[in-house]
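Working notes, structure below.
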Amino acid sequence: WRGGVFYPLDWWAIIFNPSMPYRFVHMMFATYLTSAFVVAGVSAWYLLHGRERLLATRAIALALGMAAIAAPMQILVGDMHGLNVKEHQPLKVAAMEGRWDTMAGAPLLLFAIPDDAAERNHFEVGIPYGASLILEHHFDGVVKGLKEAPPEDRPPMAPIFFAFRIMVGSGLLLLALAWAATWFAFRGTLAEQRWLLRALAYSTPVGFLATLSGWYVAEIGRQPWVVQGMMRTADAVSPIEPARVLYSLIALAVVYGIIFAAYLHYLTGVVRKGPEVAAPAAGPATPHVWQPALLKDT
Numbered sequence: 017w018r019g020g021v022f023y024p025l026d027w028w029a030i031i032f033n034p035s036m037p038y039r040f041v042h043m044m045f046a047t048y049l050t051s052a053f054v055v056a057g058v059s060a061w062y063l064l065h066g067r068e069r070l071l072a073t074r075a076i077a078l079a080l081g082m083a084a085i086a087a088p089m090q091i092l093v094g095d096m097h098g099l100n101v102k103e104h105q106p107l108k109v110a111a112m113e114g115r116w117d118t119m120a121g122a123p124l125l126l127f128a129i130p131d132d133a134a135e136r137n138h139f140e141v142g143i144p145y146g147a148s149l150i151l152e153h154h155f156d157g158v159v160k161g162l163k164e165a166p167p168e169d170r171p172p173m174a175p176i177f178f179a180f181r182i183m184v185g186s187g188l189l190l191l192a193l194a195w196a197a198t199w200f201a202f203r204g205t206l207a208e209q210r211w212l213l214r215a216l217a218y219s220t221p222v223g224f225l226a227t228l229s230g231w232y233v234a235e236i237g238r239q240p241w242v243v244q245g246m247m248r249t250a251d252a253v254s255p256i257e258p259a260r261v262l263y264s265l266i267a268l269a270v271v272y273g274i275i276f277a278a279y280l281h282y283l284t285g286v287v288r289k290g291p292e293v294a295a296p297a298a299g300p301a302t303p304h305v306w307q308p309a310l311l312k313d314t
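Heads up, the final residue of the sequence shown is numbered 314 in this note's numbering, and it's a clean run with no missing numbers.
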């Protein structure tokens, strides 16, 4: 701090901070997984409607292969990232776990209703010793609670707690779908599993949901800090009048809402129209191209 202004002194240290490698790899796997399920979802939609069977067969094979590998890797990297967060931002982990009080042998809460005002949870459903096993790698591990810090230094628990479960639940759903679809694909019976094709089609946006939920966990979980332990969010607030900020925020929301609606309209139109396949050029016969045996009749 100099004269009420916070100055960065080492950009390399800022960019390559302790969480950077984990965040980068975690985000890369998120993009791979999200993209794979967009391709798989569109391909499944084509197969359900009996369209573009050759293209959809090959595309869904590539997408499922990517997802079957990326999903478990994402869970592994996410666990490593969580351990890094526990070291550098323990209050964020406490909020993710729904843990108010420091506890040895802490359960893994599958569901709860956090009450920030009362500093307690309502209606807890958990797995005994689960949180200690995941975070400390033994059943009697001590998991720190949010009450370790004064109220003014804590992030809000409820949005972090629920966003984290949406992210993890979405990831586990994508893992299950990827492995199930890959199993039937190798057996050559994926086309007969219309329930699974429908599930793949409906799962198209799930990767985006998981990514956004993870972003909420990261950004809400660091509160009340802009720079951990050094600069509070309140100290970084713009001096612009609230009314002007509100008008610009509304304008941005409207503009981006229009752009998003136009994007969805265009994207669905492209999917419904289908790919434009050029006629093969005249010449010698092309050699046989390998095609995955996902469909018995292709």
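Glycine included, C-beta positions come from ideal geometry on N, C-alpha and C. These numbers come from a predicted model, not from an experiment.
Counting only runs of 4 or more residues that sit fully inside the stretch 167-223, the alpha helix (DSSP H) segments are 173-202, 210-218, in chain order.
Contact annotation: L162 and G146 have beta-carbon atoms that are not nearer than 7 Å. Under the DSSP assignment, A128 falls in the beta strand (DSSP E) whose first and last residues are 124-131. Shortest Cα-Cα distance from G98 to any of E257, T249, A234 involves A234. Judged by DSSP in its simplified three-state form, W241 adopts strand.
Judged by DSSP secondary structure, H138 falls within the beta strand (DSSP E) whose first and last residues are 136-143. Remark: three or more beta-carbon pairs, one from each stretch, lie closer than 8 Å, so the stretch 35-52 and the stretch 73-83 are flagged as touching. Burial is judged here by how many other beta carbons sit within 10 angstroms of a residue's own beta carbon; Y23 has fewer than 16 and is exposed. Its chain contains L49, A52, F53, A56, L190, A194 as the residues whose beta carbon lies nearer than 7 Å to that of A83, once the 5 sequence neighbours on both sides are disregarded; these appear in chain order. If you draw a straight line from the Cα of Y263 to the Cα of D251, it comes to about 22 Å. By the C-beta density criterion, E292 is exposed, having fewer than 16 other C-beta atoms within 10 angstroms. Separation of N33 and R214 (C-alpha to C-alpha, rounded to the nearest whole angstrom) is 42 Å. Measuring C-alpha to C-alpha distances from F139 to each of A133, I182, L126 identifies L126 as the nearest.
The shortest CA-to-CA distance from T47 to any of G245, M247, G285, F224 is the one to F224.
Residue nearest to S59 within the set L216, A269, Y232 is L216 (criterion: CA-CA distance).
Residue nearest to Y218 within the set G204, S186, W231 is S186 (criterion: CA-CA distance). Within the same chain, M183, S186, G187 come within 6 Å of A226 by CB-CB distance, once the 5 residues on both sides are set aside. Of the candidates R18, K160, P172, P172 places its Cα closest to the Cα of Y232.
As computed with DSSP, M247 is found in a beta bridge with V243. A direct Cα-Cα distance of roughly 7 Å separates M96 from Y38. In this structure, V159 lies near L151, with their beta-carbon atoms less than 7 Å apart.
Annotation: V243 to T249 spans about 8 Å, alpha carbon to alpha carbon. Rounded to the nearest whole angstrom, the C-alpha separation of F45 and V101 is 18 Å. Going by DSSP, T73 is part of the alpha helix (DSSP H) stretching over 69-104. With fewer than 16 other CB atoms across the displayed protein chains lying within 10 angstroms of its CB, R210 is exposed. At a Cβ-Cβ threshold of 7 Å, I256 and P175 do not count as neighbours.
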